[in-house]
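First the structure, in the form of structure tokens, and then the observations on it.
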Amino acid sequence: SKAGNFQATAKEMDKFRNISVDAQAQCIKSVVRLFIMRGARKDTISRSTIQDVLAKVDPAYKKLYPAVLQLAHAELKKVFGINLVNSDDILGMKEPKKDDFYLTSNTNSLKLRSILARSDKSGAFYGFMLIVLHSILMAPGQKLACRDILNSVRQLEPRFPLDLVVGKGGSALAVPELGDDFLGLIGRMKKEQYLVSAKDEVDGSDVSKMIYSFGPRFFVEMGKKQLVVAYFALLGQPVDISILRDIEQIAPEEEEDEAR
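So that you can map any letter, position 259 of the sequence shown is 259 in full-length UniProt numbering, and since no number is skipped, the others follow by simple counting.
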């Protein structure tokens with residue numbers, strides 16, 4: 001997938017500039033808030049939804065949609081590092097809807113290593129987190145043992161050792177760009193409530209058999225659909241539309257219940 005090109009015409013921009021500066025700011029702020037609060041959670045954002053938000057500022061502002069979308073997109077990229085992706089830019093989608101939008105991170109690489117080369121540890125952790133969460137999404141029952149999560153991560157970042165042991169810190173870490181060993185990173189995801197765990201009934205003392213599933217913060221901040229879009233953006237690959245279609249079958253209230 002690629003970032004959408006949301007370019008308003010000169011005439012559309014002139015109409016927007018004809019309203020007061022305060023009104024312009026309110027329109028952009030309202031639409032940015034919509035994308036952050038709703039889009040980043042799990043929903044596709046449609047043109048009609050954006051126009052409804054603009055109408056709450058002033059009913060006449062619904063017609064300013066093209067200019068506001070362009071400026072809100074620029075704000076999302078600059079401040080939050082987020083791109084809007086139009087559904088007809090998602091490769092492989094047979095029936096794209098021109099006015100439906102998804103959110104993706106600006107992070108876009110063929111391998112996790114490309115992200116880890118950055119000095120920004122938060123960006124590196126984001127890439128690690130996407131791979132872990134996507135592995136769980138693809139697992140039966142959307143639950144996965146720690147050992148299986150490690151195997152999935154190692155497909156993209158083979159520097160992680162096969163053994164589930166605690167690292168010594170600093171330069172001794174297998175992947176120093178991440179600032180922690182594998183178990184430490186999983187522990188951080190659990191602490192921040194992206195993951196929840198339950199010890200395997202067979203052998204609760206074996207850390208490799210610790211079972212992980214989605215935590216409440218995952219559902220509040222991301223959701224399954226957004227995870228798929230962001231994960232494939234991370235890999236620089238077309239979105240697997242069959243996965244999105246499967247997720248479409250999940251009722252919105254189901255994810256909301258899981259987030260509680």
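Note that beta-carbon positions come from the ideal geometry of N, C-alpha and C, so glycine has one too.
Since this is a predicted model, take the numbers as computed values, not measurements.
Out of the options, which has the shortest C-alpha to C-alpha gap to residue i?
{"i": "LYS209", "options": "ILE149, SER48, TYR126 and VAL68", "result": "ILE149"}
{"i": "PRO59", "options": "GLY141, ILE45, PRO161 and CYS27", "result": "CYS27"}
{"i": "VAL175", "options": "LYS78, LEU244, PRO158 and GLY187", "result": "PRO158"}
{"i": "LYS29", "options": "PHE232, ILE136, LEU69 and GLU12", "result": "LEU69"}
Can you tell me whether residue i is buried or exposed? The criterion is at least 16 other CB atoms within 10 Å of its CB, across all chains shown.
{"i": "LEU133", "result": "buried"}
{"i": "VAL229", "result": "buried"}
{"i": "GLN7", "result": "exposed"}
{"i": "GLN237", "result": "exposed"}
{"i": "VAL239", "result": "buried"}
CB-CB under 6 Å to residue i, same chain, minus the five flanking residues each way: which ones, in chain order?
{"i": "LEU195", "result": "MET189, TYR212 and GLY215"}
{"i": "ILE136", "result": "GLN142 and LEU144"}
{"i": "LYS62", "result": "GLN51, LEU54 and ALA55"}
Could you compute how far the alpha carbon of residue i sits from the alpha carbon of residue j?
{"i": "ALA139", "j": "HIS73", "result": "34 Å"}
{"i": "ARG23", "j": "VAL57", "result": "For clarity, residue 23 is Ala in the given sequence; the question names Arg instead. Whole-angstrom Cα-Cα distance: 8 Å."}
{"i": "ASN18", "j": "LYS224", "result": "40 Å"}
{"i": "VAL153", "j": "LEU144", "result": "13 Å"}
{"i": "ASP206", "j": "ILE247", "result": "32 Å"}
{"i": "ALA198", "j": "GLN142", "result": "13 Å"}
{"i": "ILE186", "j": "ASP180", "result": "10 Å"}
{"i": "LYS78", "j": "LYS191", "result": "29 Å"}
{"i": "THR44", "j": "ARG217", "result": "19 Å"}
{"i": "LEU162", "j": "TYR126", "result": "22 Å"}
{"i": "ILE243", "j": "ASN83", "result": "21 Å"}
{"i": "GLN193", "j": "GLY184", "result": "14 Å"}
Look at the Cβ atom of residue i, then the Cβ atom of residue j, and state whether they are nearer than 8 Å.
{"i": "ASP102", "j": "VAL85", "result": "The question names Asp, but residue 102 in the sequence shown is Tyr. For TYR102 and VAL85, yes; Cβs fall inside 8 Å."}
{"i": "PHE35", "j": "LEU76", "result": "yes"}
{"i": "LEU156", "j": "PHE182", "result": "no"}
{"i": "LEU54", "j": "LEU130", "result": "no"}
{"i": "ILE50", "j": "VAL32", "result": "no"}
{"i": "PHE16", "j": "ALA67", "result": "yes"}
Sorted by chain position, which residues of the same chain lie with C-beta nearer than 7 Å to residue i's C-beta, five sequence neighbours on each side aside?
{"i": "ARG47", "result": "TYR65 and ASP99"}
{"i": "TYR231", "result": "LEU130 and HIS134"}
{"i": "ASP14", "result": "none"}
Given residue i, which residues of its chain have a CB within under 8 Å of its CB, disregarding the five upstream and five downstream residues?
{"i": "LEU173", "result": "GLY167, GLY179, ASP180 and ASP181"}
{"i": "ARG147", "result": "LEU164, SER208 and LYS209"}
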